[in-house]
Amino acid sequence: MTLLMHTLHVELGERSYPVYIGRDLLSDSSLLAQHIAGSQVVIVSNEVVAPLYVDRVRAALGERALVTEIVLPDGEQHKSLDTLASIFDRVMADRHSRNTTFIAVGGGVVGDITGFAAACYQRGVNFIQVPTTLLAQVDSSVGGKTAVNHPRGKNMIGAFYQPQAVLIDINTLHTLPPREFSAGLAEVVKYGLISDEPFYRWLQEHMPRLLAREEAALAEAIERSCANKAQVVAADEREGGIRAILNLGHTFGHAIETGQGYGQWLHGEAVATGMLLALELSARRGWIAVSEVEDFRALLRDMHLPVSVPEDMDAAMFLDLMAHDKKVIDGRLRLILLEAIGAACIVDDVTEAELRTLLAP
Ligand code: NAD
Ligand code: GLY
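Heads up, the sequence shown is in the working numbering, so the first residue is 1129 and it goes up one at a time.
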């Protein structure tokens, strides 16, 4: 039975949109219908998620003049320009017009590539995010960052492009493999660390309930994560400033993902280890207690997330990869550190010596 538990709003003037959180929302035809203007729809999913959930979305759409289903290969390595071109090939072949609506049903890979396809097709068509991983539900589906990867860097080709709505069906999390679930939890914890200390303390206390995928705990964690994200995005949609705090751990994490080859380390795993490095650096600067770093390391272990960098990556490799990060401006690397738990800051004065000490084996 469908149950709408929370509705949040990302407040961006004429680009504002709702984020619905609940149970069985995939099958809620009225929610979907509210956000589809025309009679043409493109559903983009992948070979893992499509057999599980696309039929329900399709049924909820009711009768439409034209519905194209695109099933992408699974995996971060397919978040590429080639895959993007394959989407355009199908949509062009089926003659979708400017008032078509793209619906992304899947994790962050499907969401990011579908959003970018929607941003580009006929210079921009409507799209709806139906995220099915925890990571996509708390992070990638909200905020309008869309992209594909370049072999030399993650998410290097993309656009800021907001969806018309985000439908979060927490029931989809029941089929998510444990490793993917843990990777999503990393992004949940991120919000507590950067801007919401009470939420971080709540997560430390309630982590066993989340790991057991208890519905009430999940709904609470997703709602608080999305509320935190919506607030930051509303303040700085295109990352001119404060939005960068959402990238806690990401500069280190992207270096790990790129260095190991896309798809080897999960994004959330790389971010988890990156956040630990950011906390260690914050503690070395005397901004947070060393005990907070150790508590965070223990929390990551409870969440089954990695707590050390890959053995084959040394400081020189990190420095080289981090030099390609999008947060490098005029040759200066910007990193997100913590002034306190729940208070992130953006710094551009981290020295190479500090990084070499931090990353020394
Ligand atoms: P993903 O999309 O690769 O999904 C993870 C795996 O879970 C895949 O194998 C997928 O097929 C499978 N899956 C998805 N839903 C499932 C379900 N309900 N049941 C069973 N299996 C399911 O990875 P992800 O962690 O969701 O997203 C990572 C991507 O998101 C990265 O490319 C990252 O760069 C991007 N991202 C973007 C933003 C943003 O703001 N746009 C933020 C964070 C991450
Ligand atoms: N995931 C980082 C952002 O949305 O800005």
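Using N, Cα and C, we set each Cβ at its ideal position, and we do this for glycine too. Every value quoted in this text rests on a predicted model; they were computed, and no experiment measured them.
Only exposed fits His1137, as fewer than 16 other CB atoms lie within 10 angstroms of its CB. For Ala1232, DSSP records a beta bridge to Val1172 and Gln1257.
Between Leu1194 and His1163, the beta carbon gap of about 17 Å keeps them out of contact (Cβ cut-off 8 Å).
For the stretch 1385-1473, the continuous alpha helix (DSSP H) assignments of 4+ residues that do not extend past its boundaries occur at 1395-1412, 1418-1430 and 1443-1450, in sequence order. A check of alpha carbon separations from Leu1407 across Ala1398, Ala1344, Val1421 and Glu1397 identifies Val1421 as the nearest. Within the chosen limit of 7 Å, ligand 1 does not reach the beta carbon of Glu1365 with any heavy atom. Straight-line measurement puts the Cα of Arg1280 at about 29 Å from the Cα of Leu1304.
Annotation: Ile1350 is outside any beta strand (DSSP E); the continuous alpha helix (DSSP H) that includes it extends over Glu1343 to Ala1363. Arg1484 carries a helical assignment under DSSP once its states are collapsed to helix, strand and coil. If you draw a straight line from the Cα of Cys1473 to the Cα of Trp1415, it comes to about 11 Å.
At least one heavy atom of ligand 2 sits closer than 7 Å to the Cβ of Asp1267. As the crow flies, the alpha-carbon of Gly1234 is around 9 Å from that of Val1176.
Within its own chain, the residues whose Cβ lies closer than 7 Å to the Cβ of Thr1242, once the five positions on either side in sequence are excluded, are Val1172, Phe1230, Ala1232 and Phe1255, listed in chain order. For Asp1210, the uninterrupted alpha helix (DSSP H) run begins and ends at Leu1209 to Ala1221, by DSSP.
In the three-state scheme derived from DSSP, where H, G and I count as helix and E and B as strand, Asn1227 is classed as coil. Beta-bridge pairing by DSSP links Tyr1145 to Val1138.
For secondary structure counted as the alpha helix (DSSP H) over 4 or more consecutive residues, the stretch 1306-1336 holds these complete runs in sequence order: 1306-1323. Arg1143 has its Cβ no nearer than 7 Å to any heavy atom of ligand 2. Proximity to Leu1486 across Asp1442, Ala1363, Asp1423 and Asn1356 peaks at Asp1442, based on C-alpha coordinates. Between the beta-carbon of Glu1308 and that of Thr1261 there is about 6 Å, and that keeps the pair under the 8 Å contact cut.
Closest by C-alpha distance to Val1270, out of Glu1139, Trp1393 and Pro1489, is Glu1139. Considering only Leu1154, Thr1130, Gly1141 and Val1147, the residue with the shortest C-alpha distance to Ala1362 is Gly1141. In summary, Pro1259 is buried, with 16 or more beta-carbon neighbours lying within 10 Å of its beta-carbon over all protein chains present. Under the three-state reduction of DSSP output, Ala1246 falls in the helix class.
Here His1163 carries a coil assignment [DSSP, helix/strand/coil].
By alpha-carbon distance to Leu1461, the top candidate from Leu1483, Asp1440 and Gly1470 is Leu1483. A straight line joining the alpha-carbon of Leu1189 with that of Val1147 spans about 18 Å.
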